[in-house]
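So the protein sequences, as listed, match chains A and B.
Just so we're aligned: 107 in full-length UniProt numbering is position 107 of the first sequence, and the numbers increase by one with no gaps anywhere.
Just so we're aligned: 264 in full-length UniProt numbering is position 264 of the second sequence, and the numbers increase by one with no gaps anywhere.
Glycine included, every Cβ here is placed at the ideal spot set by N, Cα and C.
There are 2 protein chains.
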Amino acid sequence: MRAPTFDLTLLRTLVAIADTGSVTAAAKRLAYTQSTVSMQLQRLEAQLAVSLHERDGRRLRFTAEGERLLAHSRRLLALNDEAWSDMQARQITGDLTLGIPEDYASLLPSVFAYFHQLYPAVGLTVKCATSAHLVEQVKASELDLALVTRQRNSPGGDVIRREPLVWAVGVHQQPSLSDPIPLALYSPGADVFREVAEQALQAAGRDWRVAYTSQSMAGLAPIVTAGLAVVVVTRSMLTPTLRPLDESSGLPALPMIELALHRAPHRPSEPARRLGELIREQLAAPSEAL
Amino acid sequence: MRAPTFDLTLLRTLVAIADTGSVTAAAKRLAYTQSTVSMQLQRLEAQLAVSLHERDGRRLRFTAEGERLLAHSRRLLALNDEAWSDMQARQITGDLTLGIPEDYASLLPSVFAYFHQLYPAVGLTVKCATSAHLVEQVKASELDLALVTRQRNSPGGDVIRREPLVWAVGVHQQPSLSDPIPLALYSPGADVFREVAEQALQAAGRDWRVAYTSQSMAGLAPIVTAGLAVVVVTRSMLTPTLRPLDESSGLPALPMIELALHRAPHRPSEPARRLGELIREQLAAPSEAL
DNA sequence: ATCAAGATAACGATCTTTTATGATCAATAT
DNA sequence: ATATTGATCATAAAAGATCGTTATCTTGAT
């Protein structure tokens with residue numbers, strides 16, 4: 001009992017007919033002639049020796065068999081499209097450099113893994129620097145893409161996600177929050193965090209002092225963990241060793257920051273385009289990090 | 001970015017090439033010409049703009065892309081075949097009568113459910129009678145199929161499954177197993193069970209008496225549950241209220257019985273063929289009933 | 001050198017799409 | 001109600017593309 005094979009083209013028009021509700025509309029959508037679609041439907045019915053549709057008046061209705069075939073068709077076409085785009089993706093080759101501030105690195109490993117699975121032939125390089133630095137490098141085409149916290153003075157780029165900033169301290173610490181507030185600052189977003197924090201404190205009439213500074217979060221970690229100062233991070237950067245402080249701490253609320261994706265000025269290479277798409281998709285939903 | 005559709009025919013030959021390891025062998029298997037298969041492979045490569053195979057010497061090897069497409073192909077074809085046979089199955093209509101001994105009914109509900117899912121347009125009637133009776137009815141074409149315990153005196157039919165017979169008593173009872181053994185008998189297999197039991201006892205030099213008889217297990221259940229007698233059932237017929245007795249009970253071992261499927265003498269209708277197949281498939285594996 | 005397998009070319013048949021036309025049905029006007 | 005209009009769908013005929021076959025050529029292994 002050898003099973004004949006479906007013509008996926010015909011199944012695609014079947015789905016189009018179902019989606020649009022009419023033969024002519026389906027024809028338009030598929031860039032076929034009306035008569036072609038009409039005959040394709042007939043062909044399908046002839047091959048299966050089943051009537052898939054019937055019309056009462058002008059309305060087209062699918063029979064039970066039609067509905068069933070429709071379901072099969074959707075599954076088959078989904079698998080087909082997936083297979084096809086996988087085969088295409090594997091053909092995409094090239095090299096690609098992405099810039100990110102060091103502390104966003106923790107956000108992206110799963111994206112990188114997925115990207116490599118989809119496009120195994122693409123060589124991906126990641127460079128870390130401050131946001132301001134990265135923006136300049138992208139403009140100079142030294143990077144294909146850069147994912148940065150949006151700079152006030154360097155607009156452009158697509159906003160991928162907005163994220164709340166939070167005050168945080170070591171998880172077991174109860175820092176003294178009397179003025180002046182001891183701040184631990186680092187410069188991931190080229191001091192965007194710092195700017196924002198100082199503005200918020202000033203607006204609230206609070207006093208502060210910069211207790212510690214470092215180029216990276218890693219350098220600051222011991223100080224913060226020890227409870228010697230509070231730090232400003234995005235919510236998705238919170239680690240198990242960091243405890244966020246809510247408004248009951250008395251510290252002023254902080255604004256949202258924007259993650260922006262910058263692209264090199266020239267037309268993006270195919271790999272760059274794909275990674276950009278992927279980052280947008282994957283990062284669009286606000287992460288529910290602890 | 002609209003994804004083109006695969007030609008499942010080409011994928012089928014790709015699989016055939018992979019299975020057979022050569023173009024000519026695949027051609028033979030698919031009833032194509034060698035050149036056709038050769039060109040189909042080329043067509044596939046042209047459509048994807050990928051080379052799927054390479055040969056070193058005479059040996060044909062798939063590239064990484066080829067292997068990948070092969071995997072996709074198998075999935076797609078499996079789905080295709082499933083969809084196709086489902087569409088065909090739904091077209092099968094008719095009526096169909098199956099005979100079974102009453103006590104096998106418990107074995108088949110899942111088969112009936114599955115059958116109805118596969119062939120919703122088939123009307124299935126089930127008739128219960130003793131095995132001997134059923135065999136005659138099938139021969140007289142009053143039934144399409146009969147699933148019976150094989151009769152010594154009426155051979156024929158396909159053996160679907162062998163199953164052990166066991167002695168059983170009420171689950172909480174400790175019956176007196178001194179001679180004469182009190183037997184509770186019913187006649188599901190037209191007394192095959194009785195015959196077998198008495199032969200086994202006689203061969204073991206034991207004495208017995210027929211304490212209770214009934215036409216059905218249901219009639220016997222209270223007596224057995226009460227511990228007034230032992231009964232002989234197949235292992236798959238054991239219910240939670242029945243406790244099997246092993247050899248430590250002192251009762252002689254019982255032979256296997258055979259479940260046989262009889263078909264009406266005329267050429268079976270399509271529904272009958274299908275149900276027969278399904279019963280064979282589903283009942284082939286010995287059930288691990290409690 | 002010979003044999004078997006794969007590739008290629010040319011031809012033919014089949015299948016598919018299109019253009020053109022006719023039929024059917026709903027809606028609006030008379 | 002009846003007729004007219006507009007639109008959708010079905011069908012016929014013809015052009016066109018595709019696919020499979022036969023026949024031939026190339027290539028690699030024994």
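CB contact below 8 Å: residue i versus chain A
| i | result |
| --- | --- |
| B/Phe112 | no |
| B/Val15 | no |
| B/Pro4 | yes |
| B/Ala253 | no |
| B/His53 | no |
| B/Ala83 | yes |
| B/Arg280 | no |
Cutoff 8 Å: residue i Cβ touching any chain B Cβ
| i | result |
| --- | --- |
| A/Phe115 | no |
| A/Thr20 | no |
| A/Glu65 | yes |
| A/Leu79 | yes |
| A/Val50 | yes |
| A/His262 | no |
Close beta carbons around residue i, own chain, < 6 Å, minus the five adjacent residues each side
| i | result |
| --- | --- |
| B/Thr93 | Ala121 |
| B/Arg55 | none |
| A/Arg162 | Met256 and Glu258 |
| B/Ala18 | Leu70 |
| A/Leu134 | Gly99, Ala146 and Val148 |
| B/Val192 | Thr149 |
| B/His116 | none |
Cα-Cα separation between residue i and residue j, rounded to whole angstroms
| i | j | result |
| --- | --- | --- |
| A/Ala140 | B/Leu69 | 40 Å |
| B/Glu270 | B/Asp86 | 15 Å |
| B/Ala203 | B/Arg209 | 15 Å |
| B/His72 | A/Ala83 | 6 Å |
| B/Thr97 | B/Thr149 | 18 Å |
| A/Thr36 | A/Pro268 | 39 Å |
| B/Ser106 | B/Leu245 | 21 Å |
| B/Leu242 | B/His172 | 9 Å |
| B/His266 | B/Gln137 | 13 Å |
| A/Met237 | A/Arg29 | 46 Å |
Cβ shell of residue i (< 8 Å), same chain only, five flanking positions each side left out
| i | result |
| --- | --- |
| B/Leu254 | Pro164, Leu165, Val166, Trp167, Val196, Ala197, Ala200 and Val232 |
| A/Ala211 | Pro182, Leu183, Ala184, Ile223, Leu228 and Ala229 |
| A/Leu8 | Leu76, Leu77 and Asn80 |
| B/Gln282 | Ser110, Val111 and Tyr114 |
| A/Pro252 | Ala200, Leu201, Ala203, Ala204 and Arg206 |
Own chain, CB closer than 7 Å to residue i, minus 5 neighbours either side, in chain order
| i | result |
| --- | --- |
| B/Val50 | Glu65 |
| A/Ser22 | Leu60 |
| B/Arg90 | Pro120 and Ala121 |
Whether residue i touches residue j by CB criterion (8 Å)
| i | j | result |
| --- | --- | --- |
| B/Arg43 | B/Leu10 | yes |
| A/Leu278 | A/Asp158 | no |
| B/Gln34 | B/Thr24 | yes |
| A/Arg274 | A/Tyr104 | no |
| B/Gly99 | B/Ala129 | yes |
| B/Asp95 | B/Gly123 | yes |
| B/Leu52 | B/Phe62 | yes |
| A/Val15 | A/Arg58 | no |
| A/Ala226 | A/Gly276 | no |
| A/Arg263 | A/Ala272 | yes |
Chain-ordered chain B contacts of residue i [CB-CB under 7 Å]
| i | result |
| --- | --- |
| A/Arg12 | Thr5 |
| A/Gln42 | Simply none; closest approach about 16 Å. |
| A/Thr9 | Thr5 |
Amino acids of chain A, ordered along the chain, whose beta-carbon sits closer than 9 Å to that of residue i
| i | result |
| --- | --- |
| B/Met39 | Under the 9 Å cutoff, chain A gives no residues; its nearest Cβ is about 18 Å from B/Met39. |
| B/His72 | Leu79, Asn80, Glu82, Ala83, Trp84, Asp86 and Met87 |
Residue i: CB within 7 Å of a non-hydrogen atom of the ligand COA
| i | result |
| --- | --- |
| A/Leu77 | Among the components of this structure there are no ligands whatsoever, and the ligand COA is therefore not found. |
Proximal chain A residues relative to residue i, where beta-carbon distance stays under 8 Å
| i | result |
| --- | --- |
| B/Leu69 | Ala83 and Met87 |
| B/Leu76 | Leu76, Leu79, Asn80 and Ala83 |
Partners in chain B for residue i, counting only beta-carbon separations shorter than 8 Å
| i | result |
| --- | --- |
| A/Gln173 | Those do not exist, as A/Gln173 stays about 51 Å from chain B at its closest Cβ, beyond 8 Å. |
Cross-chain neighbours of residue i in chain A, by beta carbon under 7 Å
| i | result |
| --- | --- |
| B/Arg90 | Glu65 and Arg68 |
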